[in-house]
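In the numbering used here, the protein residues as written are 13 to 294.
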Amino acid sequence: MTTSKSPIAVTGSTGALGGKVASLLSDDGYSLRLLARSPERAPALPNSAVVECNFGDLDQATEALRGVEVLFMVSAAEHEDRLAQHLTFVDAAQAAGIKHIIYTSFQGAAPGALFTLARDHYATEQHIKASGMSWTMLRDSFYLDFLTAVVGEDGVIRGPAGDGRVAAVSRDDVARVAAEVLRNPKAHAVTTYDLTGPTAVSFDETAKIISKATGQRVTFHNETLAEAYESRKPWGAPDWQNDAWVSTYTAIAAGEVSAVSDAVEKITGQKPMSLEQFVAAR
Ligand SMILES: NC(=O)c1ccc[n+]([C@@H]2O[C@H](COP(=O)([O-])OP(=O)(O)OC[C@H]3O[C@@H](n4cnc5c(N)ncnc54)[C@H](OP(=O)(O)O)[C@@H]3O)[C@@H](O)[C@H]2O)c1
């Protein structure tokens, strides 16, 4: 349990990752404050208060965080203004007197990362580090279900990833790490963890693993950059979104998410889930 009596603030509880973290902490008897854009959609948990909060509203977020010392900040949904929303929310946390913020960043976050959204994660990290609050960065790899979600209806995975590898991680493993860090933030202060699965797989291997587990024939087509933008055109997404989608694959090709980390096992005592296990469990 925390030594202070203040609740732990958790964002994103209406979503997959924040919801799992809130549930794990609630099961342990922690008092929580769930910050949600749509409070009526937040889970009803014992010892939990739900407070309305949108990252981009400085005054609302500051009020929502008053009286809290430890905050779990789940990065917001992809949006053109996501970085601005993140920076505003970090300002609110600082103004509200948060002592320690745990942020879900991204493996390979850097100003020059090929994956465009990893640049925003880096900028958010920098803003947190400059705020004076203590911090822990959880740099997640791609989630394992990204690898299964990108199989097209025709069984083809398309993208310019070449033979690059990705050490994808399950949300459950990320949630268990986050819960452990939130239980004992001081032990993880001023630390950045890469959170990955146990191995890094290429898309050719991914296609074989999914084929074997599901019986569906899945293949990988290594698109050129031009093909990648062309094949995504029918979805009608704005340029920033197409850049994010395509750079997912170019980042994998360049090895930005190929490093395997032992952080999940070290922090939780359990080996992270592999793609084979993830697909078998679906
Ligand atoms: N590593 C990866 O492969 C990967 C893949 C996808 C996403 N992500 C990132 O990881 C995060 C968590 O993943 P997830 O699967 O839990 O996503 P999710 O199920 O979409 O949940 C996102 C949560 O963030 C909340 N949220 C979004 N924008 C917000 C804002 N501006 N202000 C306040 N709350 C906001 C959502 O609230 P609402 O219910 O109101 O929308 C929801 O509760 C995502 O938000 C995204 O940044 C990473």
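Beta carbons: idealized from backbone N, C-alpha and C, even for Gly.
Where residue i falls, given that 16 or more other Cβ within 10 Å makes a residue buried
i: residue 132; result: buried
i: residue 13; result: For residue 13, the predicted structure reports a pLDDT of 44, less than 50, and the residue's modelled location is therefore unreliable. A value from the coordinates is still provided. Under this definition residue 13 is an exposed residue.
i: residue 40; result: exposed
i: residue 281; result: exposed
i: residue 97; result: buried
i: residue 202; result: exposed
i: residue 268; result: buried
i: residue 197; result: buried
i: residue 158; result: exposed
i: residue 165; result: exposed
i: residue 147; result: buried
i: residue 294; result: exposed
i: residue 50; result: exposed
i: residue 56; result: exposed
i: residue 30; result: buried
i: residue 105; result: buried
i: residue 89; result: exposed
i: residue 247; result: exposed
i: residue 124; result: exposed
i: residue 206; result: buried
Alpha carbon of residue i to alpha carbon of residue j, nearest angstrom
i: residue 173; j: residue 244; result: 15 Å
i: residue 213; j: residue 69; result: 40 Å
i: residue 28; j: residue 73; result: 21 Å
i: residue 18; j: residue 163; result: 44 Å
i: residue 220; j: residue 226; result: 10 Å
i: residue 199; j: residue 193; result: 8 Å
i: residue 99; j: residue 134; result: 11 Å
i: residue 252; j: residue 92; result: 7 Å
i: residue 46; j: residue 171; result: 37 Å
i: residue 15; j: residue 195; result: Only weak support exists for where residue 15 lies, its pLDDT of 44 falling under 50; the value from the coordinates is given anyway. Their Cα atoms are separated by approximately 10 Å.
i: residue 272; j: residue 103; result: 33 Å
i: residue 259; j: residue 250; result: 14 Å
i: residue 161; j: residue 32; result: 20 Å
i: residue 291; j: residue 215; result: 14 Å
i: residue 270; j: residue 288; result: 17 Å
i: residue 261; j: residue 65; result: 33 Å
i: residue 67; j: residue 53; result: 17 Å
i: residue 242; j: residue 169; result: 15 Å
i: residue 229; j: residue 156; result: 19 Å
i: residue 34; j: residue 84; result: 10 Å
i: residue 257; j: residue 128; result: 9 Å
i: residue 154; j: residue 231; result: 20 Å
Closest Cα partner of residue i within the set the options
i: residue 238; options: 255, 60 and 278; result: 255
i: residue 139; options: 292, 49 and 117; result: 117
i: residue 152; options: 208, 161 and 170; result: 208
i: residue 80; options: 103, 44 and 286; result: 44
i: residue 76; options: 88, 63 and 82; result: 63
i: residue 87; options: 22, 109, 51 and 52; result: 22
i: residue 59; options: 36, 50 and 78; result: 36
i: residue 264; options: 191, 206 and 126; result: 126
i: residue 108; options: 95, 114, 130 and 82; result: 82
i: residue 188; options: 279, 246, 291 and 249; result: 279
i: residue 20; options: 89, 50 and 190; result: 190
i: residue 276; options: 210, 169, 56 and 246; result: 210
i: residue 204; options: 113, 61 and 289; result: 113
i: residue 299; options: 61, 186, 123 and 48; result: In the structure as shown, the chain begins at 13 and stops at 294. Residue 299 is therefore absent and cannot be evaluated.
i: residue 176; options: 218, 137 and 150; result: 218
i: residue 167; options: 223, 128, 115 and 247; result: 223
CB contact below 9 Å: residue i versus chain D
i: residue 213; result: Among the chains of the structure shown, chain D does not appear; only one protein chain is present.
Checklist entry - Looking at C-beta atoms only, is the number of pairs between the region 140-150 and the region 218-237 that lie closer than 8 Å three or more? => result no
Checklist entry - Are three or more beta carbon pairs between the region 278-292 and the region 175-193 nearer than 8 Å? => result yes
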